[in-house]
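Residues in the sequence shown are numbered consecutively from 1, following full-length UniProt numbering.
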Amino acid sequence: MSAIDKWMETFSRLLARQSSRRSFLATAGAFIIGVGAAPLLPVARAHAGTGEEGDPTRCDYWRYCAIDGFLCTCCGGTTSSCPPGTVASSVTWVGTCRNPTDGKDYIISYNDCCGRSGCGRCTCQRDEGDRPLYRTDSANDINWCAGSSADIVYNCSTAVLMGVSTGD
1 MSAIDKWMET FSRLLARQSS RRSFLATAGA FIIGVGAAPL LPVARAHAGT GEEGDPTRCD
61 YWRYCAIDGF LCTCCGGTTS SCPPGTVASS VTWVGTCRNP TDGKDYIISY NDCCGRSGCG
121 RCTCQRDEGD RPLYRTDSAN DINWCAGSSA DIVYNCSTAV LMGVSTGD
């Protein structure tokens, strides 16, 4: 028997004398629960891999190049989600904004959040690429809440990143 085999046998017998099957199962169970809970820990996540910079509560934020209304980031929501108590309109307008960090153009869907009184904070009107009302998919002057199943009261607008523009 080699020295490694003797050492392993001695270590195994010592471990077996000092622990029980029950303590082994308890330790293994705690380890499995701990590993399963690891994804729940808070982590800093990147913004869709775009390398975003800037303050989403300010009108000069790059995603807001074609927005018109109150910013949901100032009203309890985020750039891509409505505040509690509101619902996103089922119809939207779109724009293409250049991210100054990576120099790429991104397609942005502007969604009005509807269902309670207007937020009234962080008014932002940027009309880059805005089209006349006969091109409603690119017009930002419409109350898009009128197409919502919720109340038609406008609250704020989000700027949801849809993807990289292909330039077609």
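Idealized CB from N, CA, C, for every residue including glycine.
Own chain, CB closer than 6 Å to residue 119, minus 5 neighbours either side, in chain order:
One-based indexing of the sequence shown puts residue 119 at position 119. Contacts found: 70, 75, 155, 156.
DSSP-derived helix/strand/coil call for residue 1
Position 1 of the sequence shown, counted from the first residue, corresponds to residue 1. Residue 1: coil per DSSP, three-state reduction.
Alpha-carbon to alpha-carbon, residue 54 and residue 62:
Reading the sequence shown from its first residue, position 62 is the one you call residue 62. Reading the sequence shown from its first residue, position 54 is the one you call residue 54. Each residue's alpha carbon lies about 8 Å from the other.
Within 10 angstroms of its Cβ, does residue 32 collect 16 or more other Cβ (buried), or is it exposed?
For the purposes of this step, residue 32 is taken as the residue at position 32 of the sequence shown. Counting Cβ neighbours within 10 Å, residue 32 comes out exposed, since fewer than 16 surround it.
To which residues of the same chain is residue 108 closer than 8 Å at the C-beta, ignoring the five residues directly before and after it?
Counted from its first residue, the sequence shown places residue 108 at position 108. Excluding sequence neighbours, residue 108 sits near 63, 65, 66, 94, 95, 96, 97, 159, 160, 161, 162.
Are residue 72 and residue 84 close, meaning C-beta to C-beta below 8 Å?
Here residue 72 is taken as the residue at index 72 of the sequence shown, counted from 1. Here residue 84 is taken as the residue at index 84 of the sequence shown, counted from 1. It is not a contact, given that the beta carbons lie outside the stated cut-off.
C-alpha gap between residue 7 and residue 19, whole angstroms
Within the sequence shown, the letter at position 7 stands for residue 7. Within the sequence shown, the letter at position 19 stands for residue 19. Using only the alpha carbons, I get a separation of about 18 Å.
Any idea what DSSP makes of residue 87, helix, strand or coil?
Mapped onto the sequence shown, residue 87 falls at position 87. Three-state result, residue 87: strand.
Should residue 103 go down as buried or exposed, given a rule of 16 or more other Cβ atoms within 10 Å for buried?
By 1-based counting over the sequence shown, the position of residue 103 is 103. Per the 10 Å Cβ criterion, exposed.
So residue 111 packs on residue 146, CB below 8 Å; how close in whole Å?
Reading the sequence shown from its first residue, position 111 is the one you call residue 111. Reading the sequence shown from its first residue, position 146 is the one you call residue 146. Not really, about 14 Å apart at Cβ, beyond 8 Å.
If you draw a straight line from the alpha carbon of residue 99 to that of residue 57, how long is it in whole angstroms?
Your numbering for residue 99 matches position 99 in the sequence shown. Your numbering for residue 57 matches position 57 in the sequence shown. Cα to Cα, the separation comes out at about 16 Å.
So for residue 98, helix, strand or coil by DSSP?
As a working mapping, residue 98 is identified with position 98 in the sequence shown. Reduced to three states, the DSSP call for residue 98 is strand.
Quick test of your reading: residue 92 and residue 114, contact by CB under 8 Å. State the CB separation rounded to the nearest angstrom.
Residue mapping note: residue 92 aligns to position 92 of the sequence shown, counting from 1. Residue mapping note: residue 114 aligns to position 114 of the sequence shown, counting from 1. Going by Cβ atoms, the distance from residue 92 to residue 114 rounds to 12 Å, so no, they are not a contact pair.
Three-state secondary structure (DSSP) at residue 109?
Here residue 109 refers to the residue found at position 109 when the sequence shown is read from its first residue. Residue 109 falls in the strand class under three-state DSSP.
Beta-carbon gap between residue 165 and residue 105 smaller than 8 Å
For the purposes of this step, residue 165 is identified with residue 165 of the sequence shown, where counting begins at 1. For the purposes of this step, residue 105 is identified with residue 105 of the sequence shown, where counting begins at 1. Yes.
So residue 60 and residue 125 are in contact, right, with Cβ under 8 Å, and what is the actual spacing, rounded?
Locating residue 60 in the sequence shown gives position 60, counting from the first residue. Locating residue 125 in the sequence shown gives position 125, counting from the first residue. Actually they are not in contact, since the Cβ atoms of residue 60 and residue 125 sit about 12 Å apart, beyond 8 Å.
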